[in-house]
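For the sequence shown, position 119 matches number 119 in UniProt numbering, and the numbering has no gaps at all. The beta-carbon is built from N, C-alpha and C at its ideal position, and this holds for glycine as well. Since the model is a prediction, treat every value here as computed from it, not as a measurement. The block underneath contains the structure these notes are about, expressed in structure tokens.
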Amino acid sequence: MRIGVYLAHPRPGSFNHALFDAVVAELGDRGCEVLAHDLCAEGFAPPLSAEETETVRSAPSSQDAQVSLHRAEVATLDSLVFIHPNWWGMPPAVLTGWVQRVLAPGVAYKLGTAGGEPAGLLHARRALVLNTSDTPADREESEFGDPLQRIWAACVLPYVGVTDVRRFVFRTVTDSTEETRAAWLHQARRQAAALLA
1 MRIGVYLAHP RPGSFNHALF DAVVAELGDR GCEVLAHDLC AEGFAPPLSA EETETVRSAP
61 SSQDAQVSLH RAEVATLDSL VFIHPNWWGM PPAVLTGWVQ RVLAPGVAYK LGTAGGEPAG
121 LLHARRALVL NTSDTPADRE ESEFGDPLQR IWAACVLPYV GVTDVRRFVF RTVTDSTEET
181 RAAWLHQARR QAAALLA
């Protein structure tokens, strides 16, 4: 199985990095071909070019070799894993830019189908989103409506053909103990392993 794992956190040593390392190790130990990307460390540039905003044509060409590589890779994946913090109810800018630049028309979806609905083009049908947060769950739901759940499970992933969207939130990170974090890393490994079932 070929799985892409994408980390969006700029600070080395963050708990997000620990989650990333645990997931990559677990999937590798289980014989998966893991395409692991630390987007900040790789210097992925989030801003769209004017050419990339074109949605009428399929697969807008990109002069950016890094974007071209990611587009080629994502088309071959069996599953995807995204690891990022909840910042203002959104993924960090680097991951938002990755979605906008990589999951492009002609690569991840096609417009102009019968009924006007987009057709997802990705081979992957399963995705796991691991989030960290400092907002308690009840406040996240009652005051904010869990915007990350809507972004991933309603807006982005179904649009590109992913039908099985799994999301797990580790909270609250700032006041967590080392024991709690160790348990969370074990939980992240289990969530990653479950992608193979």
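Range of the contiguous beta strand (DSSP E) that encloses residue i
{"i": "S79", "result": "79-85"}
{"i": "L7", "result": "2-7"}
{"i": "V169", "result": "164-171"}
{"i": "A154", "result": "Careful: A154 lies outside any beta strand (DSSP E) and carries neither H nor E."}
{"i": "A65", "result": "Premise fails: A65 lies in the alpha helix (DSSP H), 65-74, not in any beta strand (DSSP E)."}
Closest residue to residue i among the options (Cα-Cα distance)
{"i": "A80", "options": "L157, V169, G97, W184", "result": "Note on residue identity: the sequence assigns Leu, not Ala, to residue 80. If we check each option's Cα against that of L80, L157 comes out closest."}
{"i": "A124", "options": "P91, D78, F168, P92", "result": "D78"}
{"i": "E117", "options": "A192, A197, Q191, V160", "result": "V160"}
{"i": "D138", "options": "R167, T172, V162", "result": "T172"}
{"i": "E73", "options": "M90, P147, I3", "result": "I3"}
{"i": "F170", "options": "D164, H84, P12, R11", "result": "H84"}
{"i": "E51", "options": "P105, A18, A75, C32", "result": "P105"}
{"i": "L48", "options": "V94, L122, A18", "result": "V94"}
{"i": "T53", "options": "L103, A36, D164", "result": "L103"}
{"i": "Q191", "options": "E33, E141, F82, V162", "result": "F82"}
{"i": "G43", "options": "G28, L35, Q66, E178", "result": "Q66"}
{"i": "A75", "options": "L122, E141, V34", "result": "L122"}
Residue burial classification, residue i (beta-carbon count within 10 angstroms, cutoff 16)
{"i": "R150", "result": "exposed"}
{"i": "T132", "result": "buried"}
{"i": "F144", "result": "exposed"}
{"i": "E26", "result": "buried"}
{"i": "R71", "result": "buried"}
{"i": "D175", "result": "exposed"}
{"i": "H186", "result": "exposed"}
{"i": "D164", "result": "exposed"}
Assumed close pair residue i, residue j - CB separation to whole angstroms, cut-off 8 angstroms
{"i": "G97", "j": "Y109", "result": "The pair is not a contact, with the Cβ atoms about 17 angstroms apart (cut-off 8 angstroms)."}
{"i": "A127", "j": "R166", "result": "7 angstroms"}
{"i": "A182", "j": "R30", "result": "20 angstroms between Cβ atoms; not a contact."}
{"i": "L195", "j": "F168", "result": "Contact doesn't hold; Cβ gap of about 12 angstroms is too wide."}
Length of the line joining the Cα atoms of residue i and residue j
{"i": "A154", "j": "N16", "result": "23 angstroms"}
{"i": "G112", "j": "A8", "result": "32 angstroms"}
{"i": "R189", "j": "D64", "result": "33 angstroms"}
{"i": "W184", "j": "F20", "result": "12 angstroms"}
{"i": "A197", "j": "W88", "result": "33 angstroms"}
{"i": "T135", "j": "L148", "result": "12 angstroms"}
{"i": "A41", "j": "V5", "result": "14 angstroms"}
{"i": "R11", "j": "V23", "result": "18 angstroms"}
{"i": "P91", "j": "A45", "result": "15 angstroms"}
{"i": "A18", "j": "V107", "result": "30 angstroms"}
{"i": "F36", "j": "W152", "result": "Before going on, a small fix: residue 36 reads as Ala here, not Phe. If I take the Cα positions, the gap works out to 19 angstroms."}
{"i": "V162", "j": "S68", "result": "21 angstroms"}
{"i": "E33", "j": "D146", "result": "32 angstroms"}
{"i": "L39", "j": "G28", "result": "19 angstroms"}
{"i": "V99", "j": "M1", "result": "22 angstroms"}
CB contact check: residue i to chain B, cutoff 8 angstroms
{"i": "Q100", "result": "Within the model displayed, chain B is absent; a lone protein chain is all it includes."}
Unbroken alpha helix (DSSP H) run spanning residue i, endpoints
{"i": "D21", "result": "15-29"}
{"i": "S133", "result": "Element bounds for S133: not the alpha helix (DSSP H) but the beta strand (DSSP E), 126-133."}
{"i": "E33", "result": "No alpha helix (DSSP H) contains E33, which is instead part of the beta strand (DSSP E) from 33-38."}
{"i": "E179", "result": "178-194"}
{"i": "L148", "result": "147-150"}
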